[in-house]
Amino acid sequence: MLNVGTIQEGFVLDHIPAGKSMDIYKYLHLDQLDCCVAIIKNARSNKMGKKDIMKIECPIDFIDMNVLGFIDHTITVNIIKDAEIVEKKALQLPKEVVNVVKCKNPRCITSIEQELEHIFVLTDPRKEVYRCKWCEEKYRGRLRRKL
Amino acid sequence: MRHLMTPLDLSVEELDKLLDLGNDIEKHPEKYAHACAGKKLATLFYEPSTRTRLSFEAAMMNLGGNVLGFSSAASSSAAKGESVSDTIRMISCYADICAMRHPKEGAPMVASRVSSIPVINAGDGGHQHPTQTLTDLLTIRSLKGRLDNLVIGLCGDLKFGRTVHSLIKALARYEGISFVLISPEELRIPEYIREDVLDAQGIPYKEVEHIEDVMPDLDILYMTRVQRERFFNEEDYIRLKDFYVLDKKKMELAKEDMLVLHPLPRVNEISVEVDNDPRAAYFRQVQYGVYVRMALILTLLGIEV
Chain Z
95 MLNVGTIQEG FVLDHIPAGK SMDIYKYLHL DQLDCCVAII KNARSNKMGK
145 KDIMKIECPI DFIDMNVLGF IDHTITVNII KDAEIVEKKA LQLPKEVVNV
195 VKCKNPRCIT SIEQELEHIF VLTDPRKEVY RCKWCEEKYR GRLRRKL
Chain W
28 MRHLMTPLDL SVEELDKLLD LGNDIEKHPE KYAHACAGKK LATLFYEPST
78 RTRLSFEAAM MNLGGNVLGF SSAASSSAAK GESVSDTIRM ISCYADICAM
128 RHPKEGAPMV ASRVSSIPVI NAGDGGHQHP TQTLTDLLTI RSLKGRLDNL
178 VIGLCGDLKF GRTVHSLIKA LARYEGISFV LISPEELRIP EYIREDVLDA
228 QGIPYKEVEH IEDVMPDLDI LYMTRVQRER FFNEEDYIRL KDFYVLDKKK
278 MELAKEDMLV LHPLPRVNEI SVEVDNDPRA AYFRQVQYGV YVRMALILTL
328 LGIEV
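Protein chains in written order, with my numbering: chain Z, 95 to 241; chain W, 28 to 332.
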C-alpha cells in the first residue's frame, strides 16, 4: 500500500469514485493554487472496491468545498488542522454553482456575452437537477453520478 | 423596479389585474390616450420580428408615448461586438422602458441585471415569450370568459415554440386545465416543461401525433408554425414544416365554441379557408396583443389612470 504522509492543515477527500480525482482537481481549480496536492488513484476500498483519495495541504479557507456537493455529494471531506481531523464535512447539494461547469446550449446567451458567469441553479433537489440560470438548459455533466 | 422575463414573474392576482386593465383599455381607449406622454419605449430587436415589435410600438403610441430602437442586430452596436449588458446600460440613459428580443436564450435576463429601466422579454431564442402569453391569456379570457377548466390543444412545433412553453407555464396555475400536446416525435415539448411543470404539478396531459383524433375534445386549439430559424439542419425543417394543416374538414370535428389561436405569422399550418370560421380567433388575438402590451407598459412604469 502506498503511503502519503500526514498534512498539517488542509483537506482529505475520501471515497471519490475511482478515476474521478483528476476531474475534481480541475473543478476545484487546484492547478491555480500553489499548494501541495497528493492524488491516490484506485486505492482499495471495502465499500467501493476501488476509490480515489486526495490530500490537499492549504489553509482551509482557500477552497470552497461546497462545489463538491454539486459534483458528488457522497464524497467524504475531512478537514485537517494541526494534523488532526477537526471536522467531517457533510456535503449538500449547493443551491447554485457559479463558473464550475459551462452551459452547452448553443442558443444560450453565455455562448456570446462577454465575461458572463455560467450559473447553474438547483431546480429539483429530489432528482438533483441543475439548470442554467439564463436558458434553463439541464446540466448533463458526466461527472455527477446520478444524472 | 420590475421586469418581465417569464409569465410567472406575475402572480395570478397580478395577472388578473393586468388582464382587467387590458379589458378596460379595450372598452375605453380614449382614457389612456395620453397616459405615457413624455415617456419613451426602446424596442431592441436583435432578430427580425414584425408583429411583436409593431405591437409594442403601437401600444406605446396608443398611450401617447414615443418609441425608439432597432429592428435587427445588424443595425445595432451588436454588429460591432457590443455586449447585451453594455447596450442596456446605454439604452437606460435614453428610454424609460424597453422591450428586448434576442436570438440567444437568457439575453433579456442578463440585461435586466444591470438595467435601470424595466426590461420586457419580447422573446429569447426558443426559450420564453411572455408578452405573447399575456396576449393569449387575454384572448382566451375575453372570448371564453375564463382561464380555468379548459382542455388546451397545442399543435405543431412544441420543441422550439417558445410561445407554447410560456403558455403551458402560465395556464398550469389555473384549476381544471389539461393539455393535449399534438406534435411529430421530433418536435415534442422539451423535457424541462414536461418534468418541471406538467409532471411536477400533476397537470393532466397527453401527447399525440394526429390532430383529428383529439379535435372533438378541445376548448382551445393553439396552432404554431414550424420555425425555419430554429433548425440547424434545413432537411429536418423541410420534412416537418407541413406536418399539420388545419382546414375546414378538420374544423368540422371540433366543438362549436372551440377557439383557434395562433401566435402568427402563419405559413401553411392554417388554411385560409378557416379564416372566416367564427372560431378562428387569431386576428382578434393580435388586437388583444396591443391592449395587453399597453396594460403591461402602464403596470411596469407604475402609471395609474
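All C-beta atoms in this analysis are idealised placements derived from N, C-alpha and C, irrespective of residue type, glycine included.
Endpoints, the beta strand (DSSP E) within which residue i is located
i, result
"asparagine 136 of chain Z", "130–139"
"phenylalanine 214 of chain Z", "213–218"
"glycine 402 of chain W", "Chain W is shown from 28 up to 332; residue 402 of chain W falls before or after that span and cannot be answered."
"histidine 129 of chain W", "124–129"
"leucine 288 of chain W", "286–288"
"aspartate 146 of chain Z", "143–151"
"glutamate 234 of chain W", "232–235"
"leucine 248 of chain W", "247–250"
"glutamate 190 of chain Z", "190–192"
Backbone CA spacing between residue i and residue j [nearest angstrom]
i, j, result
"threonine 160 of chain W", "methionine 142 of chain Z", "51 angstroms"
"glutamate 74 of chain W", "threonine 168 of chain Z", "45 angstroms"
"isoleucine 147 of chain Z", "phenylalanine 156 of chain Z", "19 angstroms"
"serine 99 of chain W", "alanine 106 of chain W", "9 angstroms"
"aspartate 284 of chain W", "valine 301 of chain W", "14 angstroms"
"aspartate 218 of chain Z", "lysine 189 of chain Z", "10 angstroms"
"arginine 239 of chain Z", "serine 115 of chain Z", "Note that arginine 239 of chain Z scores a pLDDT of 47, beneath 50, so its modelled location is shaky; the value from the coordinates is reported in the next line. Cα to Cα, the separation comes out at about 14 angstroms."
"lysine 186 of chain W", "glycine 153 of chain W", "8 angstroms"
"glutamate 103 of chain Z", "proline 153 of chain Z", "6 angstroms"
"arginine 140 of chain W", "aspartate 304 of chain W", "45 angstroms"
"serine 110 of chain W", "histidine 212 of chain Z", "16 angstroms"
"valine 317 of chain W", "lysine 54 of chain W", "13 angstroms"
"glutamate 207 of chain Z", "isoleucine 118 of chain Z", "27 angstroms"
"isoleucine 204 of chain W", "methionine 242 of chain W", "16 angstroms"
"glutamate 181 of chain Z", "asparagine 172 of chain Z", "6 angstroms"
"glycine 133 of chain W", "arginine 221 of chain W", "20 angstroms"
"lysine 268 of chain W", "leucine 194 of chain W", "22 angstroms"
"lysine 175 of chain Z", "proline 111 of chain Z", "25 angstroms"
"glycine 180 of chain W", "serine 112 of chain W", "38 angstroms"
Residue i versus the options, residue with shortest Cα-Cα distance
i, options, result
"histidine 129 of chain W", "W/Val141, W/Thr114, W/Ser119, W/Ser143", "W/Thr114"
"glutamate 239 of chain W", "W/Asp274, W/Arg252, W/Glu300", "W/Asp274"
"cysteine 246 of chain W", "W/Leu174, W/Ala149, W/Ala134", "Looking at the sequence itself, residue 246 of chain W is aspartate, so the reference to cysteine does not match. With distances taken between Cα atoms, aspartate 246 of chain W lies closest to W/Leu174."
"threonine 100 of chain Z", "Z/Ile179, Z/Glu211, Z/Ala184, Z/Lys196", "Z/Ile179"
"valine 215 of chain Z", "Z/Trp228, Z/Lys144, Z/Gln208", "Z/Trp228"
"asparagine 136 of chain Z", "Z/Pro200, Z/Asp108, Z/Met159", "Z/Asp108"
"tyrosine 264 of chain W", "W/Val241, W/Leu71, W/Arg255", "W/Arg255"
"alanine 307 of chain W", "W/Tyr249, W/Leu286, W/Phe72, W/Glu84", "W/Leu286"
"leucine 37 of chain W", "W/Gly172, W/Lys276, W/Ile147", "W/Ile147"
"serine 328 of chain W", "W/Cys125, W/Asp51, W/His237, W/Ile52", "Reading off the sequence, residue 328 of chain W comes out as leucine, not serine. Comparing Cα positions, the closest option is W/Cys125."
"aspartate 47 of chain W", "W/Ser169, W/Val235, W/Glu218, W/Ser298", "W/Ser169"
"methionine 88 of chain W", "W/Asp43, W/Asp226, W/Leu214, W/Cys63", "W/Cys63"
"asparagine 295 of chain W", "W/Asp226, W/Phe270, W/Glu279, W/Ile216", "W/Phe270"
"serine 103 of chain W", "W/Tyr315, W/Met127, W/Val319", "W/Met127"
"valine 178 of chain W", "W/Lys44, W/Lys131, W/Glu261, W/Asp244", "W/Asp244"
Local conformation of residue i per DSSP, three classes
i, result
"proline 111 of chain Z", "strand"
"glutamate 109 of chain W", "coil"
"isoleucine 5 of chain W", "Chain W is shown from 28 up to 332; residue 5 of chain W falls before or after that span and cannot be answered."
"phenylalanine 164 of chain Z", "helix"
"isoleucine 174 of chain Z", "strand"
"leucine 42 of chain W", "helix"
"isoleucine 265 of chain W", "helix"
"glutamate 103 of chain Z", "strand"
"aspartate 151 of chain W", "strand"
"leucine 31 of chain W", "strand"
"arginine 225 of chain Z", "strand"
"isoleucine 203 of chain Z", "helix"
"lysine 240 of chain Z", "The predicted position of lysine 240 of chain Z is uncertain, since its pLDDT is 39 and thus under 50; no value can be drawn from it."
"leucine 185 of chain W", "coil"
"lysine 232 of chain Z", "strand"
"leucine 37 of chain W", "coil"
"valine 299 of chain W", "helix"
"valine 332 of chain W", "coil"
"isoleucine 216 of chain W", "coil"
"tyrosine 201 of chain W", "coil"
"valine 241 of chain W", "coil"
"glutamate 222 of chain W", "helix"
"isoleucine 157 of chain Z", "coil"
"isoleucine 179 of chain Z", "strand"
Enclosing alpha helix (DSSP H) for residue i [first to last residue]
i, result
"threonine 158 of chain W", "157–171"
"threonine 326 of chain W", "309–328"
"threonine 190 of chain W", "189–198"
"alanine 138 of chain W", "134–141"
"lysine 275 of chain W", "275–278"
The ligand GDP heavy atom lying under 8 angstroms from the CB of residue i
i, result
"aspartate 269 of chain W", "As for the ligand GDP, it is missing from this structure, which has no ligand bound."
TODO: Could you pull out every unbroken beta strand (DSSP E) segment of at least 3 residues lying fully inside the stretch 45–112 of chain W, listed in chain order?
DONE: 67–72, 93–97
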